[in-house]
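Numbered continuously in our numbering, the sequence shown closes out at residue 925. One structure below.
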Amino acid sequence: MGMIFDPVDPGEWEPGREIRAEELAGDGWRDSSAGQWLGPEPPGSASTSHLGNSPSYNTRIDTFFGPHIVFDKLGPRHLRRARPASTPLARLPERGALGSRRLRIALEYAYRRSRDPACSVFWVHADNETTFTQDYKVIAKRLGLADGLDGPELLMAVRERIEAGPCWLLILDNADNLAVFGVGRTQPGRDQGQDTEEKQSLYDFVPRGPAGTVLWTSRDKRISGSLVGGRRAINVASMTEGEAKILLETVMCREIAEEESHNAMALLAELDLLPLAVSQAAAYMGRTATPIGEYLSKLKRRIKRWQLLSETEFDRHRRGDVSNSVMQTWGISIEHIRQENQMAYNILHSLAFVDSQNIPLELVAKAAEMIARPTRYKKTASAKSVCIRDQDEHQDEHQDDDDKVLAAVVLLQHFSFLRPRTSGERYGAYEMHKLVQEATQYSLSQENRRTDQWHFSEVALRAATSLFPERRRELWGECERYLRHAQLAAGWAGLCRGGVEAAALLTRVSDYLYDRGRWREKEPVDLRAYEYRRELLGDKHPDTIRSMADLAATYHAQGRYDEDEKISVEVLALRRDVLGDKHPDTIGSMASLATTYHDQGRYDEDEKISVEVLALRRDVLGDKHPDTIWSMADLAATYHAQGRYEEDEKISVEVLALRRDVLGDKHPDTIWSMADLAATYHAQGRYKEAEKNYVEVLALRRDVLGDKHPDTIWSMADLAATYHAQGRYEEDEKISVEVLALRRDVLGDKHPDTIWSMADLAATYHAQGRYKEAEKNYVEVLALRRDILGDKHPDTIGSMASLATTYHDQGRYDEDEKISVEVLALRRDVLGDKHPDTLQAMHDLAVTWNSRQRRPEALAMMQDCFQLQCKVLGQAHPSAQRSSRALNLWGPDKKKSSRIS
Numbered sequence: 025m026g027m028i029f030d031p032v033d034p035g036e037w038e039p040g041r042e043i044r045a046e047e048l049a050g051d052g053w054r055d056s057s058a059g060q061w062l063g064p065e066p067p068g069s070a071s072t073s074h075l076g077n078s079p080s081y082n083t084r085i086d087t088f089f090g091p092h093i094v095f096d097k098l099g100p101r102h103l104r105r106a107r108p109a110s111t112p113l114a115r116l117p118e119r120g121a122l123g124s125r126r127l128r129i130a131l132e133y134a135y136r137r138s139r140d141p142a143c144s145v146f147w148v149h150a151d152n153e154t155t156f157t158q159d160y161k162v163i164a165k166r167l168g169l170a171d172g173l174d175g176p177e178l179l180m181a182v183r184e185r186i187e188a189g190p191c192w193l194l195i196l197d198n199a200d201n202l203a204v205f206g207v208g209r210t211q212p213g214r215d216q217g218q219d220t221e222e223k224q225s226l227y228d229f230v231p232r233g234p235a236g237t238v239l240w241t242s243r244d245k246r247i248s249g250s251l252v253g254g255r256r257a258i259n260v261a262s263m264t265e266g267e268a269k270i271l272l273e274t275v276m277c278r279e280i281a282e283e284e285s286h287n288a289m290a291l292l293a294e295l296d297l298l299p300l301a302v303s304q305a306a307a308y309m310g311r312t313a314t315p316i317g318e319y320l321s322k323l324k325r326r327i328k329r330w331q332l333l334s335e336t337e338f339d340r341h342r343r344g345d346v347s348n349s350v351m352q353t354w355g356i357s358i359e360h361i362r363q364e365n366q367m368a369y370n371i372l373h374s375l376a377f378v379d380s381q382n383i384p385l386e387l388v389a390k391a392a393e394m395i396a397r398p399t400r401y402k403k404t405a406s407a408k409s410v411c412i413r414d415q416d417e418h419q420d421e422h423q424d425d426d427d428k429v430l431a432a433v434v435l436l437q438h439f440s441f442l443r444p445r446t447s448g449e450r451y452g453a454y455e456m457h458k459l460v461q462e463a464t465q466y467s468l469s470q471e472n473r474r475t476d477q478w479h480f481s482e483v484a485l486r487a488a489t490s491l492f493p494e495r496r497r498e499l500w501g502e503c504e505r506y507l508r509h510a511q512l513a514a515g516w517a518g519l520c521r522g523g524v525e526a527a528a529l530l531t532r533v534s535d536y537l538y539d540r541g542r543w544r545e546k547e548p549v550d551l552r553a554y555e556y557r558r559e560l561l562g563d564k565h566p567d568t569i570r571s572m573a574d575l576a577a578t579y580h581a582q583g584r585y586d587e588d589e590k591i592s593v594e595v596l597a598l599r600r601d602v603l604g605d606k607h608p609d610t611i612g613s614m615a616s617l618a619t620t621y622h623d624q625g626r627y628d629e630d631e632k633i634s635v636e637v638l639a640l641r642r643d644v645l646g647d648k649h650p651d652t653i654w655s656m657a658d659l660a661a662t663y664h665a666q667g668r669y670e671e672d673e674k675i676s677v678e679v680l681a682l683r684r685d686v687l688g689d690k691h692p693d694t695i696w697s698m699a700d701l702a703a704t705y706h707a708q709g710r711y712k713e714a715e716k717n718y719v720e721v722l723a724l725r726r727d728v729l730g731d732k733h734p735d736t737i738w739s740m741a742d743l744a745a746t747y748h749a750q751g752r753y754e755e756d757e758k759i760s761v762e763v764l765a766l767r768r769d770v771l772g773d774k775h776p777d778t779i780w781s782m783a784d785l786a787a788t789y790h791a792q793g794r795y796k797e798a799e800k801n802y803v804e805v806l807a808l809r810r811d812i813l814g815d816k817h818p819d820t821i822g823s824m825a826s827l828a829t830t831y832h833d834q835g836r837y838d839e840d841e842k843i844s845v846e847v848l849a850l851r852r853d854v855l856g857d858k859h860p861d862t863l864q865a866m867h868d869l870a871v872t873w874n875s876r877q878r879r880p881e882a883l884a885m886m887q888d889c890f891q892l893q894c895k896v897l898g899q900a901h902p903s904a905q906r907s908s909r910a911l912n913l914w915g916p917d918k919k920k921s922s923r924i925s
């Protein structure tokens with residue numbers, strides 16, 4: 025394995041005095057003369073807050089057998105050799121970590137750096153986004169950061185807090201997937217309809233600065249020249265025979281006798297001097313008191329039974345003419361586990377089909393429980409396993425199931441197949457080395473083990489299905505714990521013919537992701553569920569149609585309305601055919617299609633369906649059913665979009681009252697109704713009432729849904745719009761900038777909501793007289809909306825109007841007029857003559873004509889506009905008042921008028 029070092033201008037490092045274990049206890053930053061270990065424990069270590077906090081690891085490892093030339097490369101600027109320890113240092117973990125040479129080097133470097141009184145050491149598992157984020161959460165907790173932080177906000181807060189330290193070391197271990205750090209990503213495409221959103225790179229959250237050092241460990245050599253400079257890369261070569269012998273003796277906890285020396289050298293050669301293979305072989309021999317010669321004999325007898333696990337995965341750790349002996353080593357250990365403890369053997373194989381990281385103890389226990397039940401492929405336990413269980417019960421007849429599971433886990437830890445993953449958390453969890461997991465999967469894929477493969481994959485699926493919670497907000501934390509395990513177990517379902525069960529599990533996962541507003545994660549889940557159901561149940565099965573509807577909802581939430589519409593039309597036709605016109609699911613499909621039409625700006629089609637849906641739901645479900653109330657809310661939203669605010673308000677007030685009565689004050693649907701009513705007040709010019717509601721809605725959504733939920737972000741945008749309407753532009757701008765950043769992070773650059781935020785911020789710049797900034801944003805927004813929504817979408821036409829206004833206020837009347845005439849024609853065609861937006865277009869064009877000294881045409885247009893506004897909106901509405909002021913101001917001596925008055 026390669027180790028890559030990337031110092032961040034750390035400056036000269038001075039060694040501090042030796043560390044006492046008791047000096048390293050405690051959490052968070054603290055002023056101490058001992059270096060601090062903050063964050064998740066390194067692999068295989070005890071559950072401690074700082075180095076040396078566990079009595080079992082209170083002495084430093086006696087011998088470091090890594091290549092000291094590496095430390096020569098890391099110093100002297102980065103590391104000076106410390107004085108011999110006069111008091112014990114924290115001990116390197118005895119098992120688990122010993123299998124990786126680069127890991128030992130990283131740990132040794134961390135221990136040496138921790139002698140600096142001012143230096144804090146952080147260890148992060150950088151395998152993937154999940155482990156990186158979870159370890160940052162642990163660090164955040166220990167640093168005392170706010171509990172409410174989550175997602176990129178938490179990651180950035182941790183980065184900034186680390187950077188603020190006087191001296192620090194961050195170790196990013198197992199950074200083998202460089203893509204999550206932005207390496208190898210392509211630029212988003214520009215084709216219409218293409219899903220081009222990119223997640224933020226984890227590299228953005230890696231701290232920088234002159235006070236710290238970042239140490240990367242990776243097996244991917246591409247890290248050199250990408251994440252770190254090419255000259256900073258240190259390639260860790262293979263162990264020498266001498267180093268391998270020291271490792272063998274260290275893990276066995278005994279010296280190699282002279283008569284065993286020949287067998288020891290032969291064994292090390294057979295293991296190709298791989299640290300992981302050597303440490304695991306030593307762990308087996310040490311625990312079982314197996315002589316080296318006997319172990320070597322067993323290994324040679326099995327050498328042809330296994331093939332290479334993966335050519336690309338292990339080619340840098342073996343000679344071209346030598347087979348991958350790590351597999352043989354693990355095979356012997358696994359066979360011993362099978363003979364000693366059948367439950368441990370079964371657990372190990374079941375865990376091959378879930379995530380290798382953050383495996384909760386409950387999942388291990390549930391797998392053990394499911395193993396005892398018959399599957400499609402194993403109806404009863406084998407005679408051998410029954411015999412073993414009888415022996416276990418005879419040895420300790422009072423041992424309950426939990427004790428047996430713990431005993432099995434301890435055994436797997438002894439053989440380095442499992443290791444504790446978290447510390448300081450409410451729940452215990454483990455991790456399985458990914459090579460161990462892949463080896464287990466490979467072993468089960470052999471022709472003579474296919475039945476076992478089918479059996480254990482079904483066990484994993486059943487365990488994940490049993491543990492993944494039902495759809496309730498208070499169980500979101502549990503859902504997150506089992507999210508990755510459920511996805512992976514479902515992904516293996518094809519092996520055990522469990523596609524139907526997997527689809528049901530994925531549907532629950534999809535519901536959870538929907539509730540959290542995580543649309544991009546939801547899409548592949550919906551696709552997999554749909555594929556399973558279509559293949560196994562057929563196109564017309566209700567569950568298959570449900571998966572189609574889920575996928576359409578995901579596309580809708582991503583702003584991919586054309587794809588959404590195509591599927592929604594098909595779903596509606598299928599449900600009418602299979603379930604009938606009055607089935608609740610059929611009516612639900614009608615409502616979904618109406619919502620799609622609404623967001624495409626097709627309000628007349630939307631209204632026609634929405635009225636029909638409301639009547640059907642009242643007939644089939646009753647007036648107080650939540651779905652019926654939703655239909656009322658949808659119809660109110662349609663009236664709002666059509667500018668029929670009085671009808672909208674009447675229904676919205678009734679919907680809010682019903683939801684408070686039926687669902688309660690804090691239900692997300694109730695909060696939606698509060699937001700809808702606030703929007704109506706805003707449209708009516710009742711800004712104080714709107715502001716009061718929006719403030720309350722924002723607080724509720726932050727409490728119920730969290731800061732990063734799309735609905736919460738919408739509430740922020742709504743409040744900013746209310747401040748804008750009241751002329752409170754600084755408050756508006758502050759929130760609008762934050763909303764745009766959040767939407768880009770959560771939804772992506774091309775999501776309609778993100779584009780809305782760009783338009784909102786442009787409007788704020790305009791109101792502040794920052795016309796060039798506003799124009800730049802408006803031009804970009806208009807191009808995006810034409811590309812994504814089409815030329816006739818109301819939002820696209822709104823962008824044209826905004827750009828025209830910006831040209832007007834810069835005195836560019838020709839450009840303004842050209843666009844304003846087109847906007848008025850489009851709005852009359854799309855929205856109708858009496859829509860408030862159409863009336864606004866009349867107002868804007870009249871102002872433009874007046875500015876061009878076409879007074880008669882301007883007066884005639886403004887008078888028509890004012891009369892219609894009084895009729896549609898009321899004379900007290902702010903828009904009508906603006907038109908009235910324009911008419912009063914335009915006298916013979918007035919040559920120009922402002923577009924915004």
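Yeah, the Cβ is synthetic: ideal placement off N, Cα and C, and Gly gets one too. Since the structure is predicted, the reported quantities are computational estimates derived from the model, not experimental observations.
Given a cut-off of 8 angstroms, decide if residue j and residue i are closer than it, judged by their beta-carbon atoms.
| i | j | result |
| --- | --- | --- |
| A660 | D693 | no |
| A306 | M276 | yes |
| L530 | R552 | yes |
| S380 | E482 | no |
| E799 | T778 | no |
| L617 | V593 | yes |
| L869 | V845 | yes |
From residue i to residue j, what does the alpha carbon distance come to, in whole angstroms?
| i | j | result |
| --- | --- | --- |
| G291 | M394 | As written in the sequence, residue 291 is Leu, which differs from the Gly given in the question. When rounded, the distance between both Cα atoms is 39 angstroms. |
| L179 | N472 | 47 angstroms |
| Y585 | M824 | 21 angstroms |
| D427 | A389 | 10 angstroms |
| G814 | M866 | 23 angstroms |
| T464 | E265 | 28 angstroms |
| A723 | R668 | 29 angstroms |
| H706 | M698 | 12 angstroms |
| V721 | A786 | 25 angstroms |
| K690 | H775 | 28 angstroms |
| R445 | H360 | 24 angstroms |
For the alpha helix (DSSP H) that contains residue i, what are its first and last residues?
| i | result |
| --- | --- |
| G583 | Premise fails: G583 is in no alpha helix (DSSP H) and is neither H nor E. |
| I186 | G175 to E187 |
| C503 | W500 to G515 |
| C894 | R879 to V896 |
| I163 | E153 to L167 |
| R810 | Y795 to I812 |
How is the beta strand (DSSP E) around residue i delimited, first residue to last?
| i | result |
| --- | --- |
| Y454 | A453 to E455 |
| F146 | C143 to H149 |
DSSP three-state label for residue i, please.
| i | result |
| --- | --- |
| T531 | helix |
| P317 | Looking at the sequence itself, residue 317 is Gly, so the reference to Pro does not match. G317 falls in the helix class under three-state DSSP. |
| T237 | strand |
| V251 | Per the sequence shown, the amino acid found at residue 251 is Leu instead of Val. Note: L251 maps to coil in three-state DSSP. |
| L194 | strand |
| P943 | A question about residue 943 goes unanswered here, because the residues of the chain that appear run from 25 up to 925. |
| S242 | strand |
| P384 | strand |
| I653 | helix |
Comparing the C-beta of residue i with each C-beta of chain E, is any distance below 8 angstroms?
| i | result |
| --- | --- |
| G233 | Of the protein chains in the structure, only one exists, and it is not chain E. |
Looking at C-beta atoms only, is the number of pairs between the segment 190-204 and the segment 142-160 that lie closer than 8 angstroms three or more?
yes
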